[in-house]
Amino acid sequence: MSDRRNPVPEGAQKRGGPWTEQKLRVVSDYLHAYCTALKKQGFSTLYIDAFAGAGTEYLATSRNAGNLFDTLAEAETQRLLRGSARRALECVPPFDRYVLIEKDVVRCEDLRLLADCHARRHFQVEVIHGDANEVVPRECGQLQRDAGDRGVVFLDPYGMQVKWSTIESIANTKALDLWVLFPLGVAVNRLVVRAGVPDIPESWQRRLDQIFGTRGWRDHFYGAVSRPTLFGSEEVVRRVRREAIGAYFIERLEAVFEGGVVKKPGVLRNSKGIPLYLLCFAVANPAPKAKVLALKIANDLLRDIA
Ligand SMILES: C[S@@+](CC[C@H](N)C(=O)[O-])C[C@H]1O[C@@H](n2cnc3c(N)ncnc32)[C@H](O)[C@@H]1O
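Everything in the sequence shown is counted per numbering that gives the first Met the number 0, starting at 0 for the first residue and increasing by one.
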């Protein structure tokens, strides 16, 4: 159950839904377009799947709603889906190198088995058991843009696990494209309570600071408005709408990604039409030709779910 100490339990969205397939299709179509565009251009290409899962399958169950999160994330049928890592490894043409990061030890074992299936192919696969917020900045720090390193990162958390510092490390490479799932409906919208900042527990405020990389959301999400009363007027706190919270995250991305950001991200909704996540795209590479092409492809792929 949700409570004030932990409004968004780890794994709240584990069961997925139709939106899971939308997300995976957009990202894998992008990877295919990316590798095709960069083929024979002499770049050394890298794919980082930082919340890689088990790689092989994604289970969507039809279990009945039992708590607050189930009502948001209900899934219609029991289905096996090919996960992001498997789709990426099957990309034709492939990347030169794959880094698959996963915190769960059992899922890492599954990823290693998956990597073994591709052992004879002409690319490298590294499975790393660890925290994406430590491993991604380390990998980004080793990247050499001037030596021709280019690539794509996919950050696919269940909730608020992505730290802003991780996103910044990707932007700083000036070489990587980023797909990131922003947990608007499943998490952030719940933490930004309507009553105002004093009513947000300290621990929730820290999580919001961490995901936005600034304390600035406090001023951005709340303002005082004057409301008429019998005796004149009074000042009340007004919170912005959910859409403005998503727009703020896009603004934050725009502040660090020199290549640009898709302004209308994909909106992944449950069957009641409630937005669960935003599927956002950003380009670190400032080279005009590269950024224009990347943004065009991503915009086209997101158009149907924007
Ligand atoms: C939404 S699932 C990923 C699904 C996967 N992209 C797929 O398509 O199958 C999120 C995954 O991230 C893992 N995870 C959670 N926190 C993590 C962290 N800090 N670093 C790396 N992996 C993490 C979870 O164990 C889980 O497997």
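Glycine included, C-beta positions come from ideal geometry on N, C-alpha and C.
Cβ-heavy atom distance, residue i to ligand 1, below 7 Å
| i | result |
| --- | --- |
| Tyr97 | no |
| Tyr33 | no |
| Gln160 | yes |
| Gly82 | yes |
| Ala114 | no |
| Asn269 | no |
| Gly52 | yes |
| Pro17 | no |
| Ala49 | yes |
| Leu79 | no |
| Tyr29 | no |
| Arg106 | yes |
| Asp155 | yes |
Length of the line joining the Cα atoms of residue i and residue j
| i | j | result |
| --- | --- | --- |
| Met159 | Glu133 | 15 Å |
| Arg119 | Phe94 | 14 Å |
| Asp28 | Val152 | 14 Å |
| Pro17 | Leu79 | 12 Å |
| Arg205 | Asn188 | 15 Å |
| Asp155 | Ser202 | 23 Å |
| Val196 | Lys288 | 43 Å |
| Cys139 | Phe122 | 19 Å |
| Trp178 | Lys295 | 14 Å |
| Ala11 | Ile244 | Because the pLDDT of Ala11 is 44, which lies under 50, any placement of that residue in the model is unreliable, and the number read from its coordinates should be weighed accordingly. Their Cα atoms are separated by approximately 20 Å. |
| Leu275 | Ile249 | 16 Å |
| Arg280 | Val261 | In the sequence as presented, Arg is not what sits at residue 280; that position holds Phe. For Phe280 and Val261, the distance between alpha carbons rounds to 6 Å. |
| Asp103 | Ala53 | 9 Å |
| Cys107 | Ser43 | 25 Å |
Beta-ladder partner(s) of residue i, from DSSP
| i | result |
| --- | --- |
| Tyr46 | Tyr97, Val151 |
Helix, strand or coil at residue i [DSSP, three-state]
| i | result |
| --- | --- |
| Leu278 | strand |
| Gln209 | helix |
| Glu201 | helix |
| Asn188 | helix |
| His92 | A small fix is needed here, since residue 92 is Pro in this sequence, not His. Here Pro92 sits in coil by DSSP. |
| Lys295 | helix |
| Val25 | helix |
| Arg85 | helix |
| Lys288 | helix |
| Ala53 | coil |
| Ala305 | coil |
| Ala194 | coil |
| Ala283 | coil |
4 or more residues per run - each alpha helix (DSSP H) lying fully within the region 102-185: 104-116, 131-141, 163-172
In chain order, which alpha helix (DSSP H) runs of at least 4 residues are fully inside the region 203-278? As for any alpha helix (DSSP H) of minimum length 4 sitting wholly inside the region 203-278, the runs are 216-220, 241-255, ordered along the chain.
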